[in-house]
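In the working numbering, the protein residues as written are 8 to 516.
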């Protein structure tokens, strides 16, 4: 189903903290694809739905994950979204890391961000929906096909608890657990004697109530604990539960990681996932509770030690500013949106500039005990800004010493720069009176047509010369010989440089 609503292009920008919370907390996955068909972003939920970590799909062709039978439809939908600027909604099958396919729905459209056009979509696992659709169809063959296409382990039992159907994902999963005996046709408890007694009670409940039961637990197997989330979904015919579909999600690896994290220091809870920037955690006394390895790399091997004072590493001219920033956030009980910049000396070379964005750091009871800060190396940007500043200073020094009137106009012919001494001397105005105004307002009305012809040649040839009259602040007209040249600034904006010489006396003769 396709909406007729046109794409709105750029979306309102959310604060980073809100944006990350939305991305990380919603159940659906969010993906972003450039016009070359490559994933440029995937949210953390991709691992739950598809089995892939975000970094495993970013940079890869999105269409390579689509089921071959759905490929043409997906391509047409994406083409329609791009060409007609529409929001689209459709269903398809996408590859799971275990080799199977997952049924998903996708909703999205075109966005423009940072000057680039991309497709963004919210992808939802519709496994349960497909199971529900299966219940409405009195065709075993149909739901056999659906179950087989899913990328998660599934089996179906009848009222006698006999396994009547299982998909390849279940076979593959059981093989990894060294369970290779045939089980289809057997009682589920004979096939899997290690299942705890609670499983029988759960099946009984589904048969009696007709309601889905979702459980999370573990099973001892081969000297190992297997953690799972299991959904037992009733198949109802003639108002009676005749079969139960069991969907098993193996979360053992996730549980192992969680247990390791519980044993490790609590500081890792607030670290932004997969960040390429450095992260530090600082308590209210300025003591470093955590330093990510990236910081030492940024500082060319300089060691920043845990429990040392963070301010000891900061350039002395920046310490007061940084302390003031933290004091303000403590007083306001919230962080300012504006990041703070400071310098740290690396092991070798000159000071490096960092841009720091921070948020509160909490203990297990939810109390704020410090700050977690992301440090971004902006040294190259600072060097470029300094060079630009020096260049502008030289440029202004040269122009301010000129006797000619020098102006820079933007693409709307609004005045952006003028050498003020010459402006005051030749026309009597201050720069504040003219900056941002259209330059044509000072031209003599009789010169308008000539000025337009002049600019057409500038557009065509890039530069031109002509003579025109400009109104002095005292109301008199001053003749100028103007040389104009079109150029493009560092940001790619079209500008015009005017150099004008007073020829009033020459005109009188």
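Cβ atoms here follow ideal geometry from the backbone N, Cα and C, with glycine treated the same way.
Helix, strand or coil at residue i [DSSP, three-state]
i	result
residue 308	coil
residue 498	coil
residue 79	helix
residue 61	helix
residue 250	strand
residue 279	In this predicted model, residue 279 has a pLDDT of only 47, less than 50, meaning its place in the structure is not dependable; the value taken from the coordinates is given anyway. It is coil, neither helix nor strand.
residue 505	strand
residue 299	coil
residue 211	helix
residue 191	coil
residue 452	helix
residue 43	coil
residue 513	helix
residue 368	strand
residue 54	helix
residue 152	helix
residue 222	strand
residue 206	helix
residue 260	helix
residue 394	helix
Spatially closest choice to residue i from the options, by CA coordinates
i	options	result
residue 469	475, 461 and 476	461
residue 138	195, 242, 483 and 129	242
residue 76	102, 163 and 425	102
residue 204	225, 219 and 215	225
residue 249	500, 51, 218 and 223	218
residue 364	285, 396, 436 and 424	285
residue 164	193, 186, 394 and 128	193
residue 66	325, 44 and 360	44
residue 247	118, 414 and 212	212
residue 328	310, 350 and 308	350
residue 485	438, 430 and 439	430
residue 451	443, 476 and 457	476
residue 332	291, 483 and 352	291
residue 488	186, 501 and 508	508
residue 410	432, 210 and 96	432
residue 258	445, 109 and 55	55
residue 117	136, 42 and 166	42
residue 412	464, 385, 446 and 394	446
residue 458	439, 482, 420 and 481	420
residue 417	443, 438, 50 and 393	443
N- and C-terminal bounds of the beta strand (DSSP E) containing residue i
i	result
residue 316	Careful: residue 316 lies outside any beta strand (DSSP E) and carries neither H nor E.
residue 110	108-120
residue 424	422-425
residue 126	123-132
residue 348	347-351
Strand pairing of residue i, partner residues [DSSP]
i	result
residue 227	232
residue 473	489
residue 102	108
residue 70	BP columns for residue 70 are empty, so no partner.
residue 377	290 and 368
residue 383	362
residue 169	194
residue 415	424 and 504
Alpha helix (DSSP H) segment containing residue i, residue limits
i	result
residue 457	455-468
residue 199	That residue, residue 199, is in no alpha helix (DSSP H); it is neither H nor E in DSSP.
residue 409	Where residue 409 is concerned, there is no enclosing alpha helix (DSSP H), given that its DSSP letter is neither H nor E.
residue 175	175-183
residue 441	438-441
With 16 other Cβ atoms within 10 Å as the buried cut-off, status of residue i
i	result
residue 472	exposed
residue 174	buried
residue 3	Absent from the structure is residue 3, since the part of the chain shown begins at 8 and ends at 516.
residue 391	exposed
residue 503	buried
residue 229	exposed
residue 221	exposed
residue 64	buried
residue 152	exposed
residue 62	exposed
residue 39	buried
residue 120	exposed
residue 494	exposed
residue 106	exposed
residue 330	exposed
residue 162	buried
residue 500	exposed
residue 223	exposed
residue 132	buried
residue 498	exposed
residue 480	exposed
The ligand MG heavy atom lying under 7 Å from the CB of residue i
i	result
residue 326	Absence of the ligand MG from the depicted structure is noted, as is the absence of any ligand whatsoever, leaving it without description.
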